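All remarks here apply to the structure that follows.
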Amino acid sequence: MPESKTVAFPRDFLWGAATSAYQIEGAVAEDGRTPSIWDTFSHTPGRIAGGDTGDIAVDHYHRYRDDVALMARLGLNAYRFSVSWPRVQPTGRGPAAQAGLDFYRRLVDELLAHGIKPALTLYHWDLPQELEDAGGWPERETALRFAEYAQLVGEAFGDRVQQWITLNEPWCSAFLGYGSGVHAPGRTDPLAALRAAHHLNLAHGLGVQALRSVLPAGSSIGVSLNSQVVRPLSQDPADLAAARRIDDLACGVFHGPMLHGAYPETLLEATRSVTDWSHVLDGDLRAIAQPLDALGLNYYTPALVSSPATQPQGPRADGHGDSPYSPWPGSEDVAFHQTPGDRTEMGWTIDPGGLYELIMRYSREAPGVPLYITENGAAYPDKVDDDGRVHDPERIAYLHSHLSAVHRAVADGAEVRGYYLWSLMDNFEWAYGYAKRFGAVYVDYATLARIPKSSAHWYGKAARTGQLPPVDAV
20 MPESKTVAFP RDFLWGAATS AYQIEGAVAE DGRTPSIWDT FSHTPGRIAG GDTGDIAVDH
80 YHRYRDDVAL MARLGLNAYR FSVSWPRVQP TGRGPAAQAG LDFYRRLVDE LLAHGIKPAL
140 TLYHWDLPQE LEDAGGWPER ETALRFAEYA QLVGEAFGDR VQQWITLNEP WCSAFLGYGS
200 GVHAPGRTDP LAALRAAHHL NLAHGLGVQA LRSVLPAGSS IGVSLNSQVV RPLSQDPADL
260 AAARRIDDLA CGVFHGPMLH GAYPETLLEA TRSVTDWSHV LDGDLRAIAQ PLDALGLNYY
320 TPALVSSPAT QPQGPRADGH GDSPYSPWPG SEDVAFHQTP GDRTEMGWTI DPGGLYELIM
380 RYSREAPGVP LYITENGAAY PDKVDDDGRV HDPERIAYLH SHLSAVHRAV ADGAEVRGYY
440 LWSLMDNFEW AYGYAKRFGA VYVDYATLAR IPKSSAHWYG KAARTGQLPP VDAV
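FYI, this note's numbering numbers position 39 of the sequence shown as 58, with every residue one higher than the one before it.
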């Protein structure tokens, strides 16, 4: 049978794309928005490649109607976006800013008018700067403020949005923001990173409770985790132990409390030199372990680790480019290695088998909870060719292989209900500025013109038919 007939997805499968507010919106000082930690961080010399900022980004704030129309033309039936916390609650406290809410009302209404299902992420890293000035995520108060914010947004959009995500990749917020310092707010304090991880967990749990108090029945509430696929270099017991330590820090620190109501004992023991975990108060774990309607998984590449006793340190492929693991308490005696295979422009190994492993693992960790791939994609050095088009066959091959892995997981019993390509369009790629292009749609940063790449047309055909076209179909 033809390939497109053999890789067919369920009829109600969501074919989406994802973005985040700071990476695409721009308009950072319009309609009452105040600075987030990423505004401050990006304006700090030496923090962002090329000195880039998200001040304009790709100007989605003013071009959202055209962007939604583009999604519709491609055939997408879902769109995952994030709300900018300082746009709708400028100080991180108090009443909502109606001008900020109105922007997202217009966006959601536009999506619905085009038959595109909105998936709203409450937090994709843009903490109001005033809350960071008060201590940020290492402080319990930030989790309490997040719950208030979640309720405000839930009240505003509960009648329009059915799919809700509390946090995107809290691992990055905690360990890259407060441990290695390569993300905002740029702090390098292992204790602060662990405290931030716990208070992000608490914010999730309190946020779920707040949303449930205001959302109508039938709403879906989940979280998006970038849990690593951690592989040992060998089956030597020392390598297996190294992989367990990193799995605790990369995965268990979040899914343990969220899904099982407890931190892994091995994590607690490995971090005793840094903290006694006294910041975990009575009742916190019960608050965190809220029943979920969905679980989002973000995947890019696996990690390969060993004990230094069995193998010296090798080139690292940790899924986050230049993010060092060394500040993590418990990882001091772990060596990291480049996984074999072709790589994207980020230096990340292309390994669709890792996505299959991740899905099957979380089918076991969260039985009965629907799964969504809320981010998956690749950066390549795209350019406009002489014919005015952007040809990116490498990204098409990447998408085909990873969607095939999703299909294999579904065939093996995993309840995966949707896939959100990262990203809809090229944008501000955090510490890399505008140097890395993940989009299915090319953005000319001088003119902000949008040009769908070949991969956008390929993915759109998959979305319209529910089947994977051959890699050379465009």
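Where a beta carbon is used, it is the ideal one built from N, C-alpha and C, also for glycine. Since the structure is predicted, the reported quantities are computational estimates derived from the model, not experimental observations.
What are the residues that DSSP puts in a beta bridge with residue i?
| i | result |
| --- | --- |
| residue 394 | 317 |
| residue 139 | 100 and 183 |
| residue 368 | 362 |
| residue 322 | 249 |
| residue 292 | According to DSSP, which records beta bridges pairwise, residue 292 is partnered with nothing at all. |
| residue 244 | 316 |
| residue 355 | 324 |
| residue 55 | 147 |
| residue 297 | BP columns for residue 297 are empty, so no partner. |
| residue 469 | 462 |
| residue 27 | 486 |
| residue 444 | 460 |
Looking at the secondary structure, which residues open and close the alpha helix (DSSP H) in which residue i lies?
| i | result |
| --- | --- |
| residue 176 | 159-176 |
| residue 132 | 117-132 |
| residue 403 | Per DSSP, residue 403 belongs to no alpha helix (DSSP H) and is neither H nor E. |
| residue 428 | 412-430 |
| residue 483 | 473-484 |
| residue 41 | 40-43 |
| residue 228 | 209-233 |
| residue 84 | 79-93 |
| residue 260 | 256-266 |
Buried or exposed for residue i, please, with buried defined as at least 16 other CB atoms from any protein chain shown within 10 angstroms of its CB.
| i | result |
| --- | --- |
| residue 247 | buried |
| residue 339 | Residue placement at residue 339 is poorly supported in this model, since its pLDDT is 38, which falls under 50; the coordinates still yield a value, given next. Buried: at least 16 other Cβ atoms inside 10 Å. |
| residue 300 | exposed |
| residue 342 | At residue 342, the pLDDT of 34 sits below 50, so the modelled position is not reliable and the matter cannot be decided from this model. |
| residue 262 | buried |
| residue 491 | exposed |
| residue 344 | Because residue 344 carries a pLDDT of 47, less than 50, the predicted location of this residue cannot be relied on, and the following value inherits that uncertainty. Looking at its Cβ environment, which holds 16 or more other Cβ atoms inside 10 Å, residue 344 is buried. |
| residue 468 | exposed |
| residue 92 | exposed |
| residue 501 | No answer is possible for residue 501: it lies beyond the span of the chain, which begins at 20 and ends at 493. |
| residue 335 | Confidence is the limiting factor: at residue 335 the pLDDT is only 45, short of 50, which leaves the residue's position unreliable, though a coordinate-based value still follows. It counts as buried. |
| residue 315 | buried |
| residue 337 | Interpretation of residue 337 is limited by its pLDDT of 39, a score under 50 that renders its predicted location unreliable; the figure taken from the coordinates is listed afterwards. Buried, because 16 or more other Cβ atoms sit within 10 Å of the Cβ of residue 337. |
| residue 297 | exposed |
| residue 29 | exposed |
| residue 55 | buried |
| residue 21 | Here residue 21 scores only 38 on pLDDT, less than 50, and its place in the model should not be relied on; the value that follows carries that caveat. Exposed, since its Cβ has fewer than 16 Cβ neighbours within 10 Å. |
| residue 436 | buried |
| residue 108 | buried |
| residue 12 | Within the shown structure, residues of the chain are numbered from 20 to 493, placing residue 12 beyond reach of any answer. |
| residue 39 | buried |
| residue 226 | buried |
| residue 465 | exposed |
Is the beta carbon of residue i sitting closer than 8 Å to the one on residue j?
| i | j | result |
| --- | --- | --- |
| residue 37 | residue 99 | yes |
| residue 281 | residue 249 | no |
| residue 73 | residue 41 | yes |
| residue 501 | residue 133 | The first residue shown for the chain is 20 and the last is 493, placing residue 501 beyond what the model contains. |
| residue 219 | residue 293 | no |
| residue 264 | residue 229 | no |
| residue 415 | residue 477 | yes |
| residue 378 | residue 433 | yes |
| residue 238 | residue 181 | yes |
| residue 323 | residue 395 | no |
| residue 155 | residue 141 | no |
| residue 221 | residue 308 | no |
| residue 198 | residue 209 | yes |
| residue 164 | residue 150 | yes |
| residue 47 | residue 426 | no |
| residue 97 | residue 35 | yes |
Residue range of the beta strand (DSSP E) that residue i falls in?
| i | result |
| --- | --- |
| residue 35 | 33-37 |
| residue 439 | 435-441 |
| residue 461 | 460-462 |
Report the option in the options whose CA atom is closest to the CA atom of residue i.
| i | options | result |
| --- | --- | --- |
| residue 381 | 463, 273, 110 and 475 | 273 |
| residue 355 | 378, 374, 379 and 327 | 327 |
| residue 448 | 483, 364, 207 and 370 | 364 |
| residue 419 | 71, 456, 467 and 374 | 374 |
| residue 473 | 488, 484, 467 and 60 | 488 |
| residue 359 | 221, 454, 320 and 440 | 320 |
| residue 86 | 119, 125 and 121 | 125 |
| residue 186 | 450, 311 and 53 | 311 |
| residue 471 | 115, 457 and 465 | 457 |
| residue 422 | 255, 397, 444 and 404 | 397 |
| residue 408 | 376, 479 and 460 | 460 |
| residue 83 | 231, 119, 44 and 173 | 44 |
| residue 207 | 258, 194 and 445 | 194 |
| residue 143 | 278, 117, 35 and 102 | 102 |
Return no unless some Cβ of chain C is closer than 8 Å to the Cβ of residue i.
| i | result |
| --- | --- |
| residue 172 | Looking for chain C here will not work: only one protein chain is present. |
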